Amino acid sequence: MPSYKHINPAMAALTMALSACTPADQAADETIETNSDPRAGLSAGLYDAGEAVWNLEHLHALQSPPGFFDPDALWSRVLADEPEEETEAVEASVAEGDGEGETEAEAEEAAPPPPNPISFANSDLAFTGDRVIMGNFHGFNIFEAPRGENPEHILSVVCPGGQGDVSVHGDLVFFSAEQGRARLDCGAGGVEGESSSERFRGIRIFDISDISAPVQVAAIQTCRGSHTHTQVPHPTDPDTLYIYNSGTGSVRPDTELEGCSDGEPGDNPDTSLYSIDVIKVPLNAPSEAMIINSPRIFEDRETGQINGLWMGDPVEEDEEESTEVEAEATDAEAVEDTEMADAEPEATPHGTRATVSCHDIGVYPDFNLAAGACGGNGILLDISDPENPSRIDDLYDPNMAYWHSAVFNNDATKILFSDEWGGGVSARCRAEDPMEWGANVVADITEDGMVQGAYFKIPTIQTDAENCVSHNGSIVPVPGRDIIVQGWYSGGISVIDFTDSNNPYELAFFDRGPIDADQLYLAGYWAAYWHNGRIFAPEIARGLDIFRLLPSEHLTANEIAAAELINFDEGNTQTQRHIVWPDQPVVARAYLDQLVRSEAITGMLADQIDAEISQWENGDAPSDQSAQIVIDMQMVSEMASPDDARRLSKLSGLLQR
Amino acid sequence: MVNSFDGKISRRGCVIIAGLFLAMASPAFAHMEIDPPIFQPGAPGQPARELTVEESLDLGQSHFIEADVAFMQDMIIHHGQAVDMGDLIAARTDHAGIHLAGERISLSQTTEIEWMRTWLERRGQQTARPGGHHHAMGHDMADMPVMTGMLSPAQMIELAASQGVEFDRLYLSGMILHHQGALDMVETLLTEPGAGEDPELSEFLGSIIADQSAEITRMRAMLAGL
Numbered sequence: 008m009p010s011y012k013h014i015n016p017a018m019a020a021l022t023m024a025l026s027a028c029t030p031a032d033q034a035a036d037e038t039i040e041t042n043s044d045p046r047a048g049l050s051a052g053l054y055d056a057g058e059a060v061w062n063l064e065h066l067h068a069l070q071s072p073p074g075f076f077d078p079d080a081l082w083s084r085v086l087a088d089e090p091e092e093e094t095e096a097v098e099a100s101v102a103e104g105d106g107e108g109e110t111e112a113e114a115e116e117a118a119p120p121p122p123n124p125i126s127f128a129n130s131d132l133a134f135t136g137d138r139v140i141m142g143n144f145h146g147f148n149i150f151e152a153p154r155g156e157n158p159e160h161i162l163s164v165v166c167p168g169g170q171g172d173v174s175v176h177g178d179l180v181f182f183s184a185e186q187g188r189a190r191l192d193c194g195a196g197g198v199e200g201e202s203s204s205e206r207f208r209g210i211r212i213f214d215i216s217d218i219s220a221p222v223q224v225a226a227i228q229t230c231r232g233s234h235t236h237t238q239v240p241h242p243t244d245p246d247t248l249y250i251y252n253s254g255t256g257s258v259r260p261d262t263e264l265e266g267c268s269d270g271e272p273g274d275n276p277d278t279s280l281y282s283i284d285v286i287k288v289p290l291n292a293p294s295e296a297m298i299i300n301s302p303r304i305f306e307d308r309e310t311g312q313i314n315g316l317w318m319g320d321p322v323e324e325d326e327e328e329s330t331e332v333e334a335e336a337t338d339a340e341a342v343e344d345t346e347m348a349d350a351e352p353e354a355t356p357h358g359t360r361a362t363v364s365c366h367d368i369g370v371y372p373d374f375n376l377a378a379g380a381c382g383g384n385g386i387l388l389d390i391s392d393p394e395n396p397s398r399i400d401d402l403y404d405p406n407m408a409y410w411h412s413a414v415f416n417n418d419a420t421k422i423l424f425s426d427e428w429g430g431g432v433s434a435r436c437r438a439e440d441p442m443e444w445g446a447n448v449v450a451d452i453t454e455d456g457m458v459q460g461a462y463f464k465i466p467t468i469q470t471d472a473e474n475c476v477s478h479n480g481s482i483v484p485v486p487g488r489d490i491i492v493q494g495w496y497s498g499g500i501s502v503i504d505f506t507d508s509n510n511p512y513e514l515a516f517f518d519r520g521p522i523d524a525d526q527l528y529l530a531g532y533w534a535a536y537w538h539n540g541r542i543f544a545p546e547i548a549r550g551l552d553i554f555r556l557l558p559s560e561h562l563t564a565n566e567i568a569a570a571e572l573i574n575f576d577e578g579n580t581q582t583q584r585h586i587v588w589p590d591q592p593v594v595a596r597a598y599l600d601q602l603v604r605s606e607a608i609t610g611m612l613a614d615q616i617d618a619e620i621s622q623w624e625n626g627d628a629p630s631d632q633s634a635q636i637v638i639d640m641q642m643v644s645e646m647a648s649p650d651d652a653r654r655l656s657k658l659s660g661l662l663q664r
Numbered sequence: 006m007v008n009s010f011d012g013k014i015s016r017r018g019c020v021i022i023a024g025l026f027l028a029m030a031s032p033a034f035a036h037m038e039i040d041p042p043i044f045q046p047g048a049p050g051q052p053a054r055e056l057t058v059e060e061s062l063d064l065g066q067s068h069f070i071e072a073d074v075a076f077m078q079d080m081i082i083h084h085g086q087a088v089d090m091g092d093l094i095a096a097r098t099d100h101a102g103i104h105l106a107g108e109r110i111s112l113s114q115t116t117e118i119e120w121m122r123t124w125l126e127r128r129g130q131q132t133a134r135p136g137g138h139h140h141a142m143g144h145d146m147a148d149m150p151v152m153t154g155m156l157s158p159a160q161m162i163e164l165a166a167s168q169g170v171e172f173d174r175l176y177l178s179g180m181i182l183h184h185q186g187a188l189d190m191v192e193t194l195l196t197e198p199g200a201g202e203d204p205e206l207s208e209f210l211g212s213i214i215a216d217q218s219a220e221i222t223r224m225r226a227m228l229a230g231l
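Printed below as a string of structure tokens:
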């Protein structure tokens with residue numbers, strides 16, 4: 008077993024601590040002069056990169072399992088910068104080859120298949136009991152880590168084809184496959200020809216009831232593959248599960264999968280674009296799972312136009328309800344007006360491509376709601392009838408390059424959307440990248456629909472070698488506040504309070520330096536998810552990290568303890584569960600801490616409430632004063648902010664237990 | 006609008022020291038003591054087989070074909086013109102939306118050009134297509150775009166000579182065509198058997214489709230509102 012050298016973490020921490028307040032001109036990395044954030048300028052390395060951590064304890068760092076990472080291959084790419092002979096040979100073969108068949112062979116001969124770290128990229132997580140399922144472009148792995156401790160690796164499954172978005176239900180693991188090379192039989196080597204029954208793009212279902220014999224039990228082919236998927240429980244039948252599938256790849260030909268067709272709705276009303284797939288899974292017979300609907304959730308409700316969504320853009324309000332064809336004409340006219348239409352025929356516009364699919368959908372069954380992050384728009388759906396989701400409202404924002412994922416707060420009064428500007432493979436947290444781009448945006452859910460609040464982007468400057476943008480996260484169940492923990496690829500993980508939609512702020516983070524100081528190697532956190540008291544974060548290149556929150560001025564030990572009370576037997580982040588805190592004194596203490604922090608409660612009343620909670624902790628009945636305390640809290644509540652008023656109401660309820 | 010730090014955050018930077026000392030507890034990367042067998046399932050209903058570590062790594066090998074290489078070489082040129090078009094914005098229009106769109110396109114495509122160069126270099130390929138681009142051969146160079154969706158040299162000159170709303174219209178209509186050209190290039194590539202199967206390239210194609218489709222949406226809205 009090879010051992011990886013690493014710098015003394017204590018020394019790394021000390022160095023970072025000292026540099027945190029060093030004048031900028033003394034900073035070690037001259038490219039980052041203006042940044043006092045300790046995440047900037049971390050040293051590079053695969054397993055020995057510099058680290059910065061704030062208000063988190065890093066419990067475990069587990070390397071990607073054998074067979075899912077090849078460090079020799081990774082570093083050979085860095086070292087093989089100037090293989091002169093080889094380059095000449097390739098140039099020669101390219102220059103000679105005009106016939107495409109022979110060049111293909113020659114190119115492969117001259118350049119052996121490159122080591123390709125993204126082939127082994129770790130992706131999303133799902134949780135079942137103490138088990139953490141980590142998806143990978145190459146398959147998936149399962150670890151057992153009760154409350155994040157004593158992690159054991161218990162299963163490796165290879166099934167190449169990316170991106171390995173995973174979810175779990177009982178003994179079934181659901182797995183998204185999208186790449187053209189993916190095969191029905193989990194093999195490698197791709198598929199011959201444009202159409203083949205051996206190609207698999209869609210959702211696989213594996214049975215893991217016997218971890219010494221995992222079996223693929225079903226494979227549901229879809230027209231655009233599966234980039235992400237979301238489980239939606241049946242409202243009444245526990246033996247039926249729905250899956251909302253989001254495919255973002257190219258449309259397969261009808262010859263490969265019947266019923267699939269590309270094109271714009273004007274030319275092809277049955278186009279496979281402009282919809283999601285609703286899959287119904289009979290849990291007792293998963294092999295009978297099938298697509299039962301492809302709802303047109305971007306439809307204009309008045310005109311029935313299926314690509315209606317982005318035509319409702321505010322900028323176009325003065326335009327009459329333009330159709331696809333008319334809009335095309337507008338472009339053509341504009342082009343003609345300016346005499347720019349004399350290009351090659353293939354340069355004429357043939358249809359537009361816009362909000363044609365969702366990237367990810369977060370559902371909140373307890374509230375019959377779903378939030379879709381759908382490329383050009385963020386949308387809110389009513390899923391009372393899960394087979395027929397219908398759009399309630401949509402958002403558009405020129406700062407949001409690519410609406411990527413959506414998380415509700417626990418009360419379903421707001422949604423945090425992420426913008427994956429640059430697709431996660433690019434450096435987007437550099438000094439020149441605006442704070443409104445590649446950020447989160449918070450939207451309040453009101454009677455009039457969604458109302459956009461503030462942006463949040465991690466307040467640090469990362470280098471050109473660090474792919475960084477807002478990515479997947481989940482709610483940290485602190486009562487009385489809306490907090491999310493989120494992966495930002497090589498920007499690290501960040502814990503963010505968004506209780507005030509107009510003032511989100513960070514309260515903890517972890518970051519590790521890039522793999523290489525100069526060249527960008529895809530790495531960093533695909534996600535960071537809270538599950539049963541710990542934070543689990545899949546690192547694309549390096550493995551799995553586990554953290555716990557530490558108390559700070561922004562988050563007290565009581566608030567953390569209240570969050571750690573919440574346990575779910577299963578966790579699929581995009582299928583949100585409503586959190587109900589048990590009636591325990593520490594929950595009351597969490598609310599009290601928040602009310603004291605905001606100075607809604609001060610002085611004697613704070614002391615009286617504290618004493619009252621102590622009575623409860625000691626198993627004593629409420630004191631004689633308790634009725635008066637509740638009345639006093641009611642009076643405070645009338646003057647308090649809406650957030651504090653809610654906390655006072657909850658606390659008051661607990662004190663009247 | 007650019008990432009900057011006010012006093013408040015700087016102070017927070019100092020507060021961070023307390024947390025950083027706790028980093029002493031940061032664990033070293035661990036190998037698992039015991040790893041289970043690696044299974045490769047078969048088609049639905051078929052039993053899984055066991056793989057060695059080496060066999061698993063071999064299954065992760067990827068390949069690329071000449072069409073992939075040509076696509077990347079062409080796309081570098083294609084992206085390059087988008088950056089050139091963006092450079093014209095500052096001196097020719099006050100349209101805030103176009104400044105925003107142009108800035109984002111320039112930032113995105115500049116880094117993507119670097120990314121494509123790296124992709125080619127790491128595979129031992131040239132970053133420029135040998136002998137120039139075939140579409141341009143045998144035509145009147147000034148009127149012909151180098152490849153689909155690109156502005157012809159004459160159109161670039163016209164764009165550079167325009168101002169105000171005229172520039173806005175030319176820029177937006179030109180960039181919409183430009184982006185659609187990029188999407189067409191992706192589509193054309195994917196009709197080649199075996200193309201786009203390199204996983205990094207596959208991801209990149211996905212991000213081109215996503216980013217540029219969303220940008221077309223925004224630019225069409227702006228064009229309609231001029």
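Protein chains in written order, with my numbering: chain A, 8 to 664; chain B, 6 to 231. C-beta: ideal position from N, C-alpha, C; glycine also. Note that the coordinates shown come from a computational prediction; the quantities given were computed from them, not determined experimentally.
Interface residues of chain B facing residue i [CB-CB closer than 8 Å]
{"i": "Leu49/A", "result": "Ordered by position in chain B, no residue passes the 8 Å Cβ test against Leu49/A, which lies about 11 Å from the chain."}
{"i": "Thr255/A", "result": "Gly211, Ile214 and Ala215"}
{"i": "Tyr409/A", "result": "Ala215, Asp216 and Ala219"}
8 Å Cβ cutoff, residue i in contact with chain A
{"i": "Ile43/B", "result": "yes"}
{"i": "Leu93/B", "result": "no"}
{"i": "Ala33/B", "result": "yes"}
{"i": "Leu27/B", "result": "Its pLDDT being 43, under 50, Leu27/B is placed unreliably by the model, and the measurement read from it follows with that caveat. Answer yes: the Cβ-Cβ gap between Leu27/B and chain A drops below 8 Å somewhere."}
{"i": "His100/B", "result": "no"}
Under 7 Å from the C-beta of residue i: neighbouring residues of chain A
{"i": "Arg223/B", "result": "Pro405"}
Minimum Cβ-Cβ distance from residue i to chain B less than 8 Å
{"i": "Gly209/A", "result": "no"}
{"i": "Phe127/A", "result": "yes"}
{"i": "Val175/A", "result": "no"}
Rounded C-alpha distance that separates residue i from residue j
{"i": "Glu439/A", "j": "Pro289/A", "result": "51 Å"}
{"i": "Met407/A", "j": "Ala446/A", "result": "8 Å"}
{"i": "Ile214/B", "j": "Leu177/B", "result": "18 Å"}
{"i": "Gln583/A", "j": "Thr222/B", "result": "30 Å"}
{"i": "Ala184/A", "j": "Asn148/A", "result": "16 Å"}
{"i": "Gly84/B", "j": "Ile118/B", "result": "The question names Gly, yet the displayed sequence has His at residue 84/B. Distance between the alpha carbons of His84/B and Ile118/B is about 7 Å."}
{"i": "Leu556/A", "j": "Pro72/A", "result": "26 Å"}
{"i": "Glu306/A", "j": "Leu388/A", "result": "12 Å"}
{"i": "Pro545/A", "j": "Ser294/A", "result": "30 Å"}
{"i": "Leu661/A", "j": "Ala461/A", "result": "33 Å"}
Terminal residues of the alpha helix (DSSP H) in which residue i lies
{"i": "Met407/A", "result": "No alpha helix (DSSP H) holds Met407/A; DSSP gives it neither H nor E."}
{"i": "Glu202/B", "result": "That residue, Glu202/B, is in no alpha helix (DSSP H); it is neither H nor E in DSSP."}
{"i": "Gln66/B", "result": "Run containing Gln66/B: none; DSSP gives neither H nor E here."}
Contacts of residue i in chain B (Cβ-Cβ under 7 Å)
{"i": "Ile161/A", "result": "Pro41"}
Bounding residues of the beta strand (DSSP E) (the contiguous stretch that carries residue i)
{"i": "Ala166/B", "result": "Where Ala166/B is concerned, there is no enclosing beta strand (DSSP E), although the alpha helix (DSSP H) it sits in stretches over Pro158 to Ala166."}
{"i": "Ser183/A", "result": "Leu179 to Ala184"}
{"i": "Phe554/A", "result": "Gly550 to Leu556"}
{"i": "Tyr512/A", "result": "Tyr512 to Arg519"}
{"i": "Asp651/A", "result": "Not the beta strand (DSSP E): Asp651/A falls in the alpha helix (DSSP H), residues Pro649 to Leu662."}
Proximal chain A residues relative to residue i, where beta-carbon distance stays under 8 Å
{"i": "Phe76/B", "result": "Within chain A, no residue comes near Phe76/B; the closest Cβ sits about 12 Å away, beyond 8 Å."}
{"i": "Thr132/B", "result": "By Cβ distance, chain A contributes nothing, its closest Cβ being about 11 Å from Thr132/B, past 8 Å."}
Cβ-heavy atom distance, residue i to the ligand ADP, below 7 Å
{"i": "Ala438/A", "result": "In the structure on display, the ligand ADP does not appear, and there are no ligands present to speak of."}
Interface partners of residue i on chain B, CB under 9 Å
{"i": "His236/A", "result": "None at all; the shortest Cβ gap to chain B is about 16 Å."}
{"i": "Pro221/A", "result": "Phe44, Pro46 and Ala53"}
Note down, one range per segment and in chain order, each beta strand (DSSP E) of at least 3 residues found wholly within the segment 419-472 of chain A. 421-426, 447-453 and 456-463
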